[in-house]
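Accompanying notes for the structure given below.
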Amino acid sequence: MDNNTWNYSDNTPVIDGLTHKMEEHSVIDTDLYSKYNVKRGLRDIDGKGVLTGLTDISTIKQNKLVDGKLVPCDGELYYRGYNVKDIVHGITVDNRFGFEEVVYLLLFGEMPTVDELKNFRSLLVQYRTLPQHFVRDVILKAPSEDMMNSIARSVLTLFCYDKNPNDTSLNNVLRQSIQLISVFPMLTVYGYHAFNHYLRDKSLYIHLPEPSMSTAEVILSLLRPDRKYTDLEAKVLDMALILHMEHGGGNNSTFTTHVVTSSGTDTYSAIAAALSSLKGPKHGGANVKVYEMFEDMKENLTDWSDNEQIERYLEKLLDKQAFDRKGLIYGMGHAVYTISDPRQKILKGAVQKLADVEGFTEEFKLYERVEKLAPEVIGRKRKIYKGVASNVDFYSGLLYSMLDIPCELYTPLFATARIAGWSAHRLEELVNSGKIIRPAYMSISHEKKYKSISER
603 MDNNTWNYSD NTPVIDGLTH KMEEHSVIDT DLYSKYNVKR GLRDIDGKGV LTGLTDISTI
663 KQNKLVDGKL VPCDGELYYR GYNVKDIVHG ITVDNRFGFE EVVYLLLFGE MPTVDELKNF
723 RSLLVQYRTL PQHFVRDVIL KAPSEDMMNS IARSVLTLFC YDKNPNDTSL NNVLRQSIQL
783 ISVFPMLTVY GYHAFNHYLR DKSLYIHLPE PSMSTAEVIL SLLRPDRKYT DLEAKVLDMA
843 LILHMEHGGG NNSTFTTHVV TSSGTDTYSA IAAALSSLKG PKHGGANVKV YEMFEDMKEN
903 LTDWSDNEQI ERYLEKLLDK QAFDRKGLIY GMGHAVYTIS DPRQKILKGA VQKLADVEGF
963 TEEFKLYERV EKLAPEVIGR KRKIYKGVAS NVDFYSGLLY SMLDIPCELY TPLFATARIA
1023 GWSAHRLEEL VNSGKIIRPA YMSISHEKKY KSISER
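Heads up, the sequence shown is in the numbering used here, so the first residue is 603 and it goes up one at a time.
Below you can see the structure in the form of structure tokens.
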């Protein structure tokens, strides 16, 4: 047995047999969901989410009222009442970094003044430090090939260094939230360096963040051996972080934050639970799948400008004959948006600008062609004509690859942004807490008469 792994004795035949028994007694007739009007995935049959709570943190608009009826429209996203498009535009026009400003907005409900933003940034810088020897004793001693698990372990371990870890008073949770938001870039990048060194035999370097840097600059500075980056690279990354910070209370990881927080548990456990949710390929891990799909596509196309070749490949994806054979075109479609994802529309322009500068114009054009052709292929093959739009994950993988960010960090970067939203929702849940979140499950099992072990 490998001494570096847990007990991994080969009991495949035994496990296979037990798996078969478990599966045999776990299958539920799908017709029963309709019979008992159960909303699978907490969604109606048309995909609309079942209302489970109220929030004042963000608003998602995907429909508009026309002649008394709701019809799909171009998606819009608002943070605390401000259109994200306007927030990003204002920051871009001023040619400055905006992540910290939007963190302030999400946590405190209003845009900061110049002095408030200056003081808040100073607080983030003050908290951007890890306990003595934490990097050596926690991050480097047990490197993981999965950065999301590495971050979750680090977050849970920080509980042990907190003088008041279980205190759920608002001032204490706010302090914990700001500290975690501050150090997430370090937990993320240091975890990758540990993996790259100990599991890939690459050089190890641990940089310290500079106090004058924005969050986006800290990430690039800690990640690169020479610590160098261009202003455009940092500004585009800053925009990506802003667009990933928050997306309503119903997305899987944020809803997880609400559920776990409602139990009265500590901040570290709540954030670790959110991380575990975001890790899934149906949620935060989707951007990795998009990038990997395009890498496979590029290998199988002889001409990236040939629409017929691209269509044939997309058809193979849907027929489970290409890439991971899951029958999906990753980056297309969204649980909420039908016409367009506003985050994708904002990010696309920045990605195109960076692609032209970095020499990725042909790759960008391929993405554009797929973005145009995929809805047509999906509509034809799946008989879906209501519209399928590309989502924010569609271009984010290309963005990160142009920034020379390894794919192992794609989802962790999502988490580095989204922890701001998680923190805001945790605080909102605590302010308005009353009952533990406990939806109902209907049992369909039948009563059985107990038999002694000798009679079975």
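Ideal Cβ placement from N, Cα and C applies to all residues, glycine included. Please read these numbers as outputs of a predicted model, since none were measured by experiment.
Asked                                                                                                                                                                              : Found
If you run the structure through DSSP and keep just helix, strand and coil, what is Q664?                                                                                          : strand
Taking C-beta to C-beta, are I945 and L679 nearer than 8 Å?                                                                                                                        : Correcting the residue identity first, residue 945 is Arg in this sequence and not Ile. Yes, these two residues count as a Cβ contact at 8 Å.
Going by DSSP in three states, V704 sits in which element: helix, strand or coil?                                                                                                  : helix
Going along the chain, which residues of its own chain have a beta-carbon closer than 8 Å to the beta-carbon of T790, five neighbours each way excluded?                           : M749, I753, I821, L1011, P1014, L1015, A1017 and T1018
A842 and E819 look like a contact to me (Cβ under 8 Å); what is the Cβ gap, rounded to whole Å?                                                                                    : Actually they are not in contact, since the Cβ atoms of A842 and E819 sit about 13 Å apart, beyond 8 Å.
Which value, in whole angstroms, describes the spacing of the CA atoms of G933 and V994?                                                                                           : 7 Å
With DSSP as the reference, label I1055 as helix, strand or coil.                                                                                                                  : helix
Please state the DSSP three-state secondary structure of G929.                                                                                                                     : coil
Could you check which residue in I873, R1028, P813 and L949 has the C-alpha nearest to that of S771?                                                                               : R1028
Just to confirm my understanding: we take I941, look at its own chain, exclude 5 residues before and 5 after, and list those with CB closer than 7 Å. What are they?               : P674, C675, D676, G677, G989 and A991
As an exercise, report each continuous alpha helix (DSSP H) stretch of at least 4 residues that is fully enclosed by the region 946-1029, in chain order.                          : 963-984 and 995-1004
Just list the residues that DSSP pairs V673 with in beta bridges.                                                                                                                  : K666
Is it the case that the Cβ atoms of F699 and S816 are separated by a distance below 8 Å?                                                                                           : yes
Might you give, ordered along the chain, the residues of its own chain that have their beta carbon closer than 8 Å to the beta carbon of L975, omitting 5 neighbours on each side? : N909, I912, E913 and L916
Among residues of its own chain, excluding the 5 on either side of G793, which ones have a beta-carbon nearer than 8 Å to its beta-carbon?                                         : I741, P745, S746, M749, S752, I753, S756 and P1014
Taking 8 Å as the limit between beta carbons, can you name the residues of its chain near L719, skipping five residues before and five after?                                      : E702, E703 and Y706
Within its chain, find whatever has a CB closer than 6 Å to the CB of M713; leave out the 5 residues flanking it on each side and keep chain order.                                : L707
With a threshold of 8 Å on Cβ separation, who are the neighbours of Y893 within its own chain once the five nearest residues in sequence on each side are excluded?                : G999, L1000, Y1002, S1003, C1009 and Y1012
Which of the three DSSP states, helix, strand or coil, is assigned to E718?                                                                                                        : helix
Does the region 865-872 come close enough to the region 958-978 to have 3 or more Cβ pairs within less than 8 Å?                                                                   : no
Taking DSSP as the reference, what is the three-state secondary structure of R645?                                                                                                 : strand
Give the DSSP bridge partners of L709, in chain order.                                                                                                                             : BP columns for L709 are empty, so no partner.
Just confirm the distance between the C-beta atoms of V640 and M895, as a whole number of angstroms; I'd bet it's less than 8 Å.                                                   : With a Cβ gap of about 32 Å, V640 and M895 do not count as contacting.
To the nearest angstrom, report how far apart L732 and V785 are at their CA atoms.                                                                                                 : 7 Å
Shortest alpha-carbon distance to K983 belongs to which of L920, K881 and E901?                                                                                                    : L920
Can you tell me whether E812 is helix, strand or coil according to DSSP?                                                                                                           : coil
Going by the CB atoms, is the gap between K687 and I1021 shorter than 8 Å?                                                                                                         : no
Give the secondary structure of N909 by DSSP, where H, G and I count as helix, E and B as strand, and everything else as coil.                                                     : helix
Could you tell me the distance, in whole angstroms, from the CA atom of H691 to the CA atom of L877?                                                                               : 30 Å
Here's the rule: buried if 16 or more other CB atoms are within 10 angstroms of the residue's CB, otherwise exposed. What is N853?                                                 : buried
From the DSSP output, in three-state form, read off I1038 for me.                                                                                                                  : coil
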